[in-house]
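Residue numbers (my numbering): 1 to 179.
Here you go:
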């Protein structure tokens, strides 16, 4: 039996992660408290990104800036709803690829699990057209943020409209050629 440093409960040794150099060969924090702490401080998310990149032989890594964006985001860029940190919750913060398969910081946005799932592999403009919660105001903000990341500066009104037309034309072209 061992007392957890965090929750102060006395638990069976099997409830603690193995650590050979520690007294009794176990960690001082129970598995449940360790899991919760890792999730809350971002260690869990960083580990998931690292493992994903390793499994998929990804040569491009997400930076800490992107990971911190997920950890600190408070609203979904598609529906505008409040994001939660609860695992497997419909409003949990996730990363969505604007364009399929490009694992770079500029190609990902923070959205809720629900919107990410409903968007699937749709082009961003098609998703904007189909989604009732992706309003004109949110679409305008999305285009503005996406363009500013790629341009490395704040776009003006004419540039935002040009980006919107570009997304629309790109979507139509993809439909025409069956991509």
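Glycine residues also receive a C-beta, built at the ideal position from the N, C-alpha and C atoms. All figures in this text were calculated on a predicted structure; none of them were measured in a lab.
List the whole-angstrom C-beta distance separating residue 62 from residue 115, where the pair is believed to meet the contact cut-off of C-beta under 8 Å.
The pair is not a contact, with the Cβ atoms about 19 Å apart (cut-off 8 Å).
Whole angstroms are fine: how far does the CA of residue 88 sit from the CA of residue 123?
For residue 123 and residue 88, the distance between alpha carbons rounds to 24 Å.
Could you check whether residue 2 and residue 16 sit closer than 7 Å to each other, using their CB atoms as the reference points?
yes
What does residue 16 pair with, by DSSP beta-bridge criteria?
30
Would you kindly work out how many angstroms separate the C-alpha atoms of residue 125 and residue 167, rounded to a whole number?
6 Å
With DSSP collapsed to three states, give me the class of residue 84.
strand
Taking the straight line between their C-alpha atoms, what separation do you get for residue 137 and residue 109?
17 Å
Compute the beta-carbon to beta-carbon distance between residue 83 and residue 112, rounded to the nearest angstrom, for a pair I have assumed lies under 8 Å.
6 Å
Hey, out of 118, 92 and 147, whose CA is closest to residue 134's CA?
Nearest of 118, 92 and 147 to residue 134, Cα basis: 118.
Where residue 49 and residue 57 are concerned, what is the direct C-alpha to C-alpha distance, given to the nearest angstrom?
12 Å
If we ignore side chains and look at the alpha-carbon of each, how far apart do residue 162 and residue 19 end up?
The alpha-carbon of residue 162 is positioned some 58 Å away from that of residue 19.
Can you list the beta strand (DSSP E) stretches of 3 or more residues lying completely in the segment 91-152, in chain order?
DSSP runs (the beta strand (DSSP E)) wholly in the segment 91-152: 93-97 and 108-112.
Would you mind reading off the limits of the alpha helix (DSSP H) that contains residue 66?
64-72
Looking only at DSSP bridge pairs, what is residue 3 linked to?
Partner(s): 10.
Looking only at its own chain, which residues have a Cβ that is under 7 Å from the Cβ of residue 150, when we skip the five neighbours before and after it?
Excluding positions up to five away in sequence, the list reads 106.
Could you give the C-beta distance for residue 34 and residue 27, rounded to a whole number, given that I count them as a contact under 8 Å?
Rounded to the nearest angstrom, the Cβ distance from residue 34 to residue 27 is 7 Å, consistent with a contact under 8 Å.
Use the C-beta contact count for residue 37: other C-beta atoms within 10 angstroms, 16 or more gives buried, fewer gives exposed.
It counts as exposed.
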